[in-house]
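Sequential numbering from 1228 applies to the sequence shown in our numbering. Heads up, the beta-carbon is just placed ideally off N, CA and C, and yes, glycines get one too.
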Amino acid sequence: LVSLLVVGIEGLQEYLGVIATMTDFYGNTPYMTNPYLMVNWRALMVNTFPGIPADEALIAVAGLSVATFVATLSVWGGPWNPASPRFSRQTLALTVCIIITAYHSHLHAAMFLLIPAADLLQETGSPSGSRVTTILRAGYWASLELAAVSLILLSLAPAAQAFVPLSYGIFLMLLLLLGAIVVEETM
């Protein structure tokens, strides 16, 4: 109601029009919604299948997102219990799920992993040789290497393309991390 009073009906219609254009699957908008640099299923589709029609890609993204959500639910069997030794794995799995299923999720969304990942790594009951902790440690170093490669590519390619390997690599690490959590929690 306040927006309507401040900008009027025409301003509100224009705002809704801008929001509608920002949802273009391939990011063909003047608003820098570059899906090629995201860390989600949408990025996987635009980078792996560049010519796929947007409606087919959206169906695939929706299916992959539902499958990811169902896999994450398998980790959350039982009550919400922050005192549980499983809780840090559960919150890490949920955070990864949110990042890779969100329609608009860029690299900086990975910062949300810091707290649950640090919580998992500091747990005394968490086996240091588990798949999950190994992936977390390797992912840290791999992301630094991918960042270095992206910086080298930045001197050779347009900025938007230089960071695709970093985004793609981070997405694949997130997927691997979620898979390891699901396997360890359900086996």
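- DSSP places H1333 in the strand class (E or B) of the three-state scheme.
- With a 10 Å radius around the Cβ and a threshold of 16 neighbouring Cβ atoms, Q1349 comes out exposed.
- Annotation: T1413 to G1396 spans about 26 Å, alpha carbon to alpha carbon.
- Residue environment for W1307: exposed (fewer than 16 other C-beta atoms within 10 angstroms of its C-beta).
- In the structure shown, M1400 falls within a helical segment according to DSSP collapsed to helix, strand and coil.
- Rounded to whole angstroms, the separation of the alpha carbons of V1293 and R1313 is 23 Å.
- One alpha carbon belongs to A1365, the other to L1393, and they sit about 15 Å apart.
- Straight-line measurement puts the Cα of L1403 at about 14 Å from the Cα of L1271.
- Excluding sequence positions up to five before and after F1276, its CB lies less than 6 Å from no other CB in the same chain.
- In the three-state reduction of the DSSP assignment, M1265 falls in the strand class, which pools E and B.
- Between the C-alpha atoms of L1228 and A1310 there is a straight-line separation of about 43 Å.
- Distance between P1262 and E1411, taken at the CA atoms: about 31 Å.
- If you draw a 10 Å sphere on the C-beta of P1343, you find 16 or more other C-beta atoms in it, and that means buried.
- When secondary structure is reduced to three states using DSSP, Y1395 falls in the helix class.
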